[in-house]
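To keep things clear, I will list the structure first and then write my remarks on it.
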Amino acid sequence: MVILEAVIDRNGNVTEARVLKGLPFGLEQSALDAIKKWRFKPGTLNGQPVPVYYNLTINFQLQ
6 MVILEAVIDR NGNVTEARVL KGLPFGLEQS ALDAIKKWRF KPGTLNGQPV
56 PVYYNLTINF QLQ
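Per our numbering, the sequence shown runs over residues 6 to 68.
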């Protein structure tokens, strides 16, 4: 399990991301690379899109 904190901008793009809790074997970087490609629904304030911080957990199953 890798826990990340990301900043989602007004367009739903990840502009910043950092690892809060990680795993070895390069999984932290894999998780960071993956979420930077994702699009999110932006947060809103008074009906207008605003940047938000978002904590995200990514689970890996190793075999």
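In this text, a Cβ means the ideal position worked out from N, Cα and C, and glycines have one as well.
- Apart from sequence neighbours up to five positions away, the residues of its chain that approach LYS26 with a beta-carbon distance below 8 Å are MET6, VAL7, ILE8, ordered along the chain.
- In summary, VAL55 is exposed, with fewer than 16 beta-carbon neighbours lying within 10 Å of its beta-carbon over all protein chains present.
- Listed as beta-bridge partners of THR49 by DSSP are PRO54.
- The three-state reading of DSSP puts LEU67 in coil, since its state is none of H, G, I, E or B.
- Ranked by Cα distance from THR62, the first of THR20, ARG44, ALA36, GLY31 is ALA36.
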